[in-house]
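Yeah, the sequence shown ends on 410 if you go by this note's numbering, and it's all consecutive.
Below: one structure, written as structure tokens.
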Amino acid sequence: MLLIRRLRDTALTLTRQLNKTSLSFKRGYSYSIKDAIVLQINGETLKFPHIWLRDNCQCEQCFHPSAKSRILDWSKFNLDSKPTEVHKDENSVQVTWDDGHTSRYRLDWLKFRSFTEENQQQYETELYKPPKVTWKGEDFQKICTINDYNEIVSTDEALYKWLKDLSTYGVSLIRNTPSDDTAIDAILQRVGFPKQTHYGLKFIVQNVPNTSNVAYLSSNLQMHTDLPYYGYCPGVNLLHCLVQTNSDGGENTLSDCHYIANYMKEHHPDQYKILTNTEVEWSDIGVENGNEFYKLYRSPVICVDKCDHVWRINFSIPQRGSHFPGPIELVKPWYEAYSLFFELNRKFSASFKVDAGSILVFDNIRLLHGRNQYQDSGENVRKLIGAYIDWDEVYSRLRSLKVKLEKRSYY
Ligand code: OGA
Ligand code: ZN
Ligand code: ZN
């Protein structure tokens, strides 16, 4: 047992060192040009590694044009292929390899894939994922764009703008939505595929007794992310307000956890570390529409990638289970850090009452959202229709629209 643990620790240390090495290698190392073809394209000197060129041969034996996919036989792939001849003309370059195979690449195709830091950054922000802009409560009016339902449904320009704003700021509103339980469907269809969960493809948020979820009460709903107990957690949350309460309360509260995470990193680094390193158990157990569920997922509150970028937030007071998977000595410090995170989210949040006819759309793995207590009365029963879409679908739609609207091929 002890030996296994030691071996595991050694493996972990080695992995960390390797990750560190590859990270520090990422930029600024000198690349031997004997392993690359060097080309002048539009006045720039660009290097393309032989192995990458051979892997990305565009001929029909190596690449299927309609499937836009590599089909070369990897069991025969030679990692040491070398060109025997390179011929460049005005628009393309032709390479003959040492096994006799020939490849042709368009120069604009190559330039778009160039390995310079500047080009890779441009590709990342223009096509891969638009960069996020963080905000705090007082900025909310400026960053939350208001979009029109009919324009999104009928024009690609409006759909693109809405999704870009959503990915940049993590929140946006859609106005003039028809007062109909199915009105949200047209928006979901414009993006792609809604995400089904044990609460259904769509769900009604309304005060119900003997509820399966505390959101379906009219009491104060503390700030949270939805469904943190899913490994594949829904990325985007859409809440169509069909009926808003006439009573006091019913406002929504939103905060940008990317802003809070940066703030904690700077002002409370120890607590930040605890929230990024300590896994806790998120849970939801019950029955919905006759279907039993028993969801558990272990994850920190702030999930960061190997570059220390936040990629997912989990936070829910009701839906954190009572099993604490970490060591006992971490319990109190973790609660202190968790409390601080909650307080900072409240401090830097914005609060507003959504009008009937609006859809509030937000990034469920970036923002916390909550709702103030309200009171239904006979003729006025607050009602929302909720649905989810994954970020994979949103980013995919954004890229397809960009290509279509700019009438250019990124392929
Ligand atoms: C929820 C929720 C917000 C609201 O159902 O998870 O956050 O305004 N609802 O009722
Ligand atoms: Zn080929
Ligand atoms: Zn919610």
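Note that beta-carbon positions come from the ideal geometry of N, C-alpha and C, so glycine has one too.
These figures come from a predicted structure and were not determined experimentally.
Notebook entry, point to check: Going along the chain, which residues put their C-beta within less than 7 Å of some heavy atom in ligand 3?
Noted result: After applying the 7 Å Cβ criterion, the set is A214, L220, H223, D225, N236 and H368.
Check: Nearest-angstrom Cα distance between K346 and T252?
Finding: Their Cα atoms are separated by approximately 11 Å.
Note to self: If the criterion is Cβ atoms closer than 9 Å, does the pair S178 and G356 meet it?
What the structure shows: Against a cut-off of 9 Å, the Cβ pair of G356 and S178 comes out as a contact.
Next item on the list: Take the Cβ of L295 as the centre, count every other Cβ of all protein chains shown within 10 Å, and call the residue buried at 16 or more, exposed below.
Entry: With fewer than 16 Cβ atoms within 10 Å of its Cβ, L295 is classed as exposed.
Check: Got a list of residues with beta-carbon closer than 6 Å to any non-hydrogen atom of ligand 2, in chain order?
Finding: Per the Cβ criterion, the list is C56, C58, Q60, C61, H100 and S102.
Notebook entry, point to check: alpha helix (DSSP H) containing E137: first to last residue?
Noted result: Element bounds for E137: n/a, residue is neither H nor E.
Margin query: In whole angstroms, give me the CA-to-CA distance for R112 and Q121.
Written below: For R112 and Q121, the gap between their C-alpha atoms comes out near 11 Å.
Item checked: E84 - containing beta strand (DSSP E), residue span -> Annotation for E84: the continuous beta strand (DSSP E) segment containing it runs P82 to K87.
Check: First and last residue of the beta strand (DSSP E) that includes I32?
Finding: In this chain, I32 is not harboured by any beta strand (DSSP E), its DSSP state being neither H nor E.
Notebook entry, point to check: What's the gap between the Cα of S218 and the Cα of A386?
Noted result: Approximately 21 Å, taken between the alpha carbons.
Next item on the list: Quick one: grab the DSSP three-state call for H239.
Entry: In the three-state reduction of the DSSP assignment, H239 falls in the strand class, which pools E and B.
Check: Taking L216 as the reference, which of L226, Y228, P227 and I203 has the closest Cα?
Finding: Per the Cα distances, I203.
Next item on the list: Identify which residue in I316, P82 and F139 has its Cα closest to the Cα of Q221.
Entry: The candidate whose alpha carbon is nearest that of Q221 is I316.
Notebook entry, point to check: So, are the CB atoms of H365 and K131 less than 9 Å apart?
Noted result: According to the sequence displayed, residue 365 carries Arg and not His. The beta carbons of R365 and K131 sit closer together than 9 Å.
Checklist line | Residues near H257 in its chain [Cβ-Cβ closer than 7 Å; skip 5 each side] | finding: Excluding sequence neighbours, H257 sits near K131, T133, V309 and R365.
Next item on the list: Could you check what DSSP says for T210 in three-state terms: helix, strand or coil?
Entry: It is coil, neither helix nor strand.
Margin query: Which residues does DSSP list as the beta-bridge partners of G320?
Written below: Its beta-bridge partners do not exist; DSSP assigns none.
Next item on the list: Measure the CB-CB distance between H49 and K81 and report whether it falls below 9 Å.
Entry: Closer than 9 Å, so yes.
Item checked: R370 vs E250 beta-carbon contact at 9 Å -> Against a cut-off of 9 Å, the Cβ pair of E250 and R370 comes out as a contact.
Checklist line | For F47 and T95, the rounded distance between their alpha carbons | finding: Cα-Cα distance, rounded: 15 Å.
Item checked: Rounded straight-line distance, which links the Cα of G169 to that of L238 -> Computed Cα separation, rounded: 14 Å.
Checklist line | Residue closest to Q39, alpha-carbon to alpha-carbon, out of N146, E89 and F76 | finding: In terms of Cα proximity to Q39, the closest of N146, E89 and F76 is E89.
Notebook entry, point to check: Does the beta-carbon of E117 have 16 or more other beta-carbons within 10 angstroms, so that it is buried, or is it exposed?
Noted result: Around the beta carbon of E117, a 10 Å sphere encloses fewer than 16 other beta carbons of the protein chains shown; the residue is thus reported as exposed.
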